[in-house]
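**Student:** After the structure tokens below, expect a handful of questions from me.
Protein chains: 2
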Amino acid sequence: MTIGVRRRMGVEERRQQLIGVALELFSRRSPDEVSIDEIASAAGISRPLVYHYFPGKLSLYEAALQRASDDLAARFVEPHEGPLGARLLRVMRRYFDFVDEHGPGFSALMRGGPAVGSSTTNALVDSVRQAAYVQILSHLGVTDPPARLELVVRSWISLAESTALIWLDGRRIPREELEPQLVNDFAALAAVSAAYDEEMAALLRRIVKDEPADGPFASLAGRLIALAS
Amino acid sequence: MTIGVRRRMGVEERRQQLIGVALELFSRRSPDEVSIDEIASAAGISRPLVYHYFPGKLSLYEAALQRASDDLAARFVEPHEGPLGARLLRVMRRYFDFVDEHGPGFSALMRGGPAVGSSTTNALVDSVRQAAYVQILSHLGVTDPPARLELVVRSWISLAESTALIWLDGRRIPREELEPQLVNDFAALAAVSAAYDEEMAALLRRIVKDEPADGPFASLAGRLIALAS
């Protein structure tokens, strides 16, 4: 018997290493195309040892998706300081950073990847959407949102997803343009709702009141007026 | 031997009957909850006979989804006559009719139902989105869309999907309000894009030029200006 030069990893440490290796591979190529053999090889362990820690590829995929979901939800957290438009723009930058880092895996998941339809992956995707929703309401200072505000926020979250997916498919528009555009889209969707509903109009006036003239909210209004004339 | 009073159905006729019965059941409750036994009973035939025409529930689900997809795509077709806003509003009405008729099945599919992730169901959902995209471009009179127009149209289609899903979840906002709101959302997203891009601005000016003052496009502009002042 010899004493190994490489320290043995504990169970939890090994699991975390495998999740990291798998997430890296699932982010660079569609998870469909990543094999357990490849994950084992990238982690420097045998295929049977991978199965010792994860019963199958789906459970490893779900663990990787859990880590990615936690990561993304953490990027939504923004200090409650300064103009709202600027806060949302900073979050959009971090969102596109995430999408950029996990492109193929993000596309595969949102377009219907191998493990989509599993109740675990659906619940994780929903939990990230819910985290985004809760953050936005907290920045708007609303605890009991009317149905029209909930619609604007949730449907805008879905717009941000589809915009990111379309961006990934060829990257024909620079993300530096799409980030402020999504902030403006939020303002525009809120304005459409406010155009037909007094409660939304009052909310929007309160939001816009403190926005600086050069911020993404106010500058949009100026540009739209110029466009209309 | 006796001569049956009920005429025997041909193979294709029986298949079409089963698809109709299944679609009806899949539309009223989540397809997860509908059994082959129930479909057989509703069609007035035995369970083994269902399997004679469809090897399993997935293939019957896919056939029902194919019929629903064809139905929905046909509702997107609108004569190229009159103002664009009014055309889009008529399509939105037919879209909400469809969503209303197939509520639980539509939700289950779009939120990740039992057969989601099958390449056939994903392809069908994508084909409907593509049909909507092609129709909108034809009404805009654009054959070779710039990337920013493609983004506006495709991301708006996804906004219409999420708006319909949110509507189905409690129906807290009347659909009569959401239909024109989605037409306005389209104009608003196009306007945001036009605010930052000259090609989109020229396109939007051409679209709005022929819109009547009381149409959904022009009335939004007036309401937004009133909101801003």
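For the protein sequence lines, the chains are A and V, in the order given. Per this note's numbering, residue 6 is the first one in the first sequence, and the count goes up by one each step. Per this note's numbering, residue 6 is the first one in the second sequence, and the count goes up by one each step. We put the beta carbon where it would ideally sit given N, CA and C, even for glycine.
Report yes if the C-beta distance between ALA169 of chain A and PHE59 of chain A is below 8 Å; otherwise report no.
**Tutor:** Result no, Cβ atoms of ALA169 of chain A and PHE59 of chain A do not sit closer than 8 Å.
**Student:** Rounded to whole angstroms, what's the CA-CA distance from THR7 of chain A to LEU114 of chain A? Just pull it up for me.
**Tutor:** Caution is warranted here: a pLDDT of 47 is assigned to THR7 of chain A, below 50, making its placement in the model unreliable, and the coordinate value is therefore given only provisionally. THR7 of chain A and LEU114 of chain A: Cα-Cα distance of roughly 45 Å.
**Student:** According to DSSP, simplified to helix, strand and coil, what is SER40 of chain A?
**Tutor:** Here SER40 of chain A sits in coil by DSSP.
**Student:** Looking at PRO151 of chain V: is its Cβ nearer than 8 Å to the Cβ of GLU204 of chain V?
**Tutor:** Yes, these two residues count as a Cβ contact at 8 Å.
**Student:** Measuring only the C-alpha atoms, how far is ARG52 of chain V from GLU43 of chain V?
**Tutor:** Rounded to the nearest angstrom, the two C-alpha atoms are 9 Å apart.
**Student:** Counting only Cβ pairs nearer than 7 Å, list the residues of chain A close to SER163 of chain V.
**Tutor:** SER163, LEU164, SER167, listed in chain order.
**Student:** Spell out whether any CB of chain A is found under 8 Å from the CB atom of VAL39 of chain V.
**Tutor:** Output row for VAL39 of chain V: interface = no.
**Student:** Let's test the definition: count the other Cβ atoms within 10 Å of the Cβ of GLY108 of chain A and tell me whether it reaches 16, buried, or not, exposed.
**Tutor:** Buried, since its Cβ has 16 or more Cβ neighbours within 10 Å.
**Student:** Identify the continuous alpha helix (DSSP H) that holds GLU166 of chain A and give its terminal residues.
**Tutor:** Run containing GLU166 of chain A: 152-173, per the alpha helix (DSSP H) assignment.
**Student:** Got a sec? Which residues, its chain only, sit under 7 Å from GLU166 of chain A by beta carbon, not counting five neighbours each side?
**Tutor:** Same-chain partners within the cutoff: MET115.
**Student:** Tell me, please, whether the CB atom of LEU114 of chain A is closer than 8 Å to any CB atom in chain V?
**Tutor:** So, not an interface residue.
**Student:** For LEU225 of chain A, go through chain V and note every residue whose CB falls closer than 8 Å to its CB, in chain order.
**Tutor:** Result: VAL197, ALA200.
**Student:** Can you name, in chain order, every residue of its own chain whose Cβ lies under 7 Å from the Cβ of MET97 of chain V, other than the five neighbours on each side?
**Tutor:** Here the set comprises GLU184, LEU187, VAL188.
**Student:** Output needed for ARG33 of chain A: all residues of its chain with C-beta closer than 7 Å, excluding positions within five of it in sequence on either side, in chain order.
**Tutor:** The residues are PRO109.
**Student:** Can LEU28 of chain V and ALA69 of chain V be called in contact, C-beta distance under 8 Å?
**Tutor:** For LEU28 of chain V and ALA69 of chain V, yes; Cβs fall inside 8 Å.
**Student:** What's the gap between the Cα of ALA223 of chain V and the Cα of PHE191 of chain A?
**Tutor:** Answer to the nearest angstrom: the Cα atoms are 20 Å apart.
**Student:** In chain order, what residues of the same chain have a beta carbon less than 7 Å from the beta carbon of GLN71 of chain A, not counting five sequence neighbours either side?
**Tutor:** The residues are LEU129.
**Student:** Taking ARG180 of chain A as the reference, which of A:ILE141, A:ARG95, A:TYR56 has the closest Cα?
**Tutor:** It is A:ARG95 whose Cα lies nearest to the Cα of ARG180 of chain A.
**Student:** Between the alpha carbons of VAL147 of chain A and ASP76 of chain A, how many angstroms are there, rounded?
**Tutor:** Each residue's Cα considered, the two are about 25 Å apart.
**Student:** Check whether the Cβ of SER160 of chain V lies closer than 8 Å to any Cβ atom in chain A.
**Tutor:** By this cut-off, SER160 of chain V is an interface position.
**Student:** Which same chain residues, not among the five before or five after LEU65 of chain V, have their C-beta less than 6 Å away from its C-beta?
**Tutor:** So the qualifying residues of the chain are ALA27, PHE59.
**Student:** On the DSSP letters alone, give me the boundaries of the alpha helix (DSSP H) that GLY90 of chain V sits inside.
**Tutor:** Here the alpha helix (DSSP H) through GLY90 of chain V covers 89-106.
**Student:** How about ALA78 of chain A: is its C-beta nearer than 8 Å to some C-beta of chain V?
**Tutor:** Not an interface residue.
**Student:** For LEU208 of chain V, tell me which candidate among V:GLU38, V:HIS144, V:ASN127 has the shortest Cα-Cα distance.
**Tutor:** Closest option to LEU208 of chain V, Cα to Cα, is V:HIS144.
**Student:** Have a look at ARG92 of chain A and VAL158 of chain A and give me their C-alpha separation to the nearest angstrom.
**Tutor:** When rounded, the distance between both Cα atoms is 15 Å.
**Student:** ALA196 of chain A and VAL197 of chain V - do their beta-carbons sit closer together than 8 Å?
**Tutor:** Their beta carbons are not under 8 Å apart, which means VAL197 of chain V does not touch ALA196 of chain A by this criterion.
**Student:** Could you name the residues of the same chain whose beta carbon sits closer than 7 Å to that of TRP239 of chain V, not counting the 5 residues immediately before and after it, in chain order?
**Tutor:** The structure shown does not extend to residue 239 of chain V, since chain V is modelled only from 6 to 234, so the question has no answer here.
**Student:** Show which residues of chain A have a CB atom less than 8 Å away from the CB atom of LEU173 of chain V.
**Tutor:** Here the premise fails: no neighbours, minimum Cβ distance about 12 Å.
**Student:** Could you give the distance in angstroms between the alpha-carbon of ARG134 of chain A and the alpha-carbon of LEU142 of chain A?
**Tutor:** Their Cα atoms are separated by approximately 12 Å.
**Student:** Between the alpha carbons of GLN140 of chain A and PRO84 of chain A, how many angstroms are there, rounded?
**Tutor:** Roughly 10 Å separates the two Cα atoms.
**Student:** Give the single residue among V:PRO88, V:PHE103, V:GLY61, V:ILE24 whose Cα lies nearest to the Cα of ARG80 of chain V.
**Tutor:** Here the closest residue by C-alpha is V:PHE103.
**Student:** Alpha carbon to alpha carbon, what distance is there between LEU225 of chain V and TYR201 of chain A?
**Tutor:** Approximately 9 Å between the Cα atoms of the pair.
**Student:** Can you give me the Cβ contacts of ALA136 of chain A inside the same chain, cut-off strictly under 7 Å, excluding the 5 residues immediately before and after it?
**Tutor:** Cβ within range, chain order: ALA78, PHE81.
**Student:** Can you check whether the C-beta of ASP75 of chain V is within less than 8 Å of a C-beta belonging to chain A?
**Tutor:** By this cut-off, ASP75 of chain V is not an interface position.
**Student:** Secondary structure at MET115 of chain A, three-state DSSP: helix, strand or coil?
**Tutor:** In this structure, MET115 of chain A counts as helix in the three-state DSSP scheme.
**Student:** If you draw a straight line from the alpha carbon of VAL16 of chain V to that of LEU23 of chain V, how long is it in whole angstroms?
**Tutor:** Going by the C-alpha atoms only, they are around 11 Å apart.
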